[in-house]
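Protein chains in written order, with the numbering used here: chain H, 1 to 113; chain R, 1001 to 1117.
Structure, as structure tokens:
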Amino acid sequence: KQEVTQIPAALSVPEGENLVLNCSFTDSAIYNLQWFRQDPGKGLTSLLLIQSSQREQTSGRLNASLDKSSGRSTLYIAASQPGDSATYLCAVPGGGSQGNLIFGKGTKLSVKP
Amino acid sequence: ETGVTQTPRHLVMGMTNKKSLKCEQHLGHNAMYWYKQSAKKPLELMFVYSLEERVENNSVPSRFSPECPNSSHLFLHLHTLQPEDSALYLCASSQDLWLGGRGSPLHFGNGTRLTVT
């Protein structure tokens, strides 16, 4: 059964700092991995979708990497800003069940001005 | 409007009430989903629809009843809920159904915050 773990559960950093969020998954037989952002009381916004054939994806100040063999993905945020404060979730396909994504519990990021 | 729209944003209901959650997507997607997000728990998939046909019911109690009248609209009918059903209910859509773990990005609505008293 696929399980997704995100560490740390919460992170507080000063503005301008570069930071890394971690995601690990137990079953490495995945086709892709997706990173989402969730603001308080809101839905999820897709940030990056990495296919298994890719090692990383970049969007602006965000860079996500995927290492299937070790069951890990990282989300790198460069030059963090207060507007980056949110909960970041990663998700992988559940396999078997159609349309199922297995989510981690997320990392709650707070960037202090 | 663009994206995925959910109404109402907040809902408070008693255990004997009947209410419905509505989701509408303006993206031309073929697949729609209901997810439940409870405090301190990961998102849980509830139902999946592809081209208006239900393809997944993830062991959800019968007090939750989905309806997909067309590819743009998805409803979640609620009746005789329990306080533990209080959660954020999120609707999502994707261009096509995730099959065998392959799929296009999911687009989520802002959710309905449900409180059962």
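Idealized CB from N, CA, C, for every residue including glycine.
- Within the region 44 to 56 of chain H, Leu-44, Thr-45, Ser-46 and Leu-49 place their CB atoms closer than 8 Å to a CB of chain R, listed in sequence order.
- Between the region 71 to 83 of chain H and the region 22 to 29 of chain H there are three or more inter-stretch CB-CB distances shorter than 8 Å, so the stretches are counted as touching.
- Each of H:Leu-101, H:Ala-86 and H:Ser-85 was checked against the Cα of Val-92 of chain H, and the nearest Cα belongs to H:Leu-101.
- Within 10 angstroms of the beta-carbon of Arg-61 of chain H lie fewer than 16 other beta-carbons, which makes it exposed.
- For Phe-1108 of chain R, the nearest CB of chain H lies under 8 Å from its own CB, placing it at the interface with that chain.
- Spanning the alpha carbons of Pro-1105 of chain R and Asn-63 of chain H requires a straight line of approximately 17 Å.
- Using a Cβ-Cβ cut-off of 8 Å, Gly-1111 of chain R counts as an interface residue toward chain H, since at least one Cβ of chain H sits closer than that to its own.
- A direct Cα-to-Cα measurement between Val-1055 of chain R and Ser-1072 of chain R gives close to 16 Å.
- For Tyr-31 of chain H, there is no enclosing beta strand (DSSP E), as DSSP marks it with neither H nor E.
- Lys-112 of chain H is bridged by DSSP to H:Pro-14.
- The alpha carbon of Ser-46 of chain H has as its nearest neighbour, out of H:Gly-94, H:Gln-57 and H:Ser-53, the alpha carbon of H:Gln-57.
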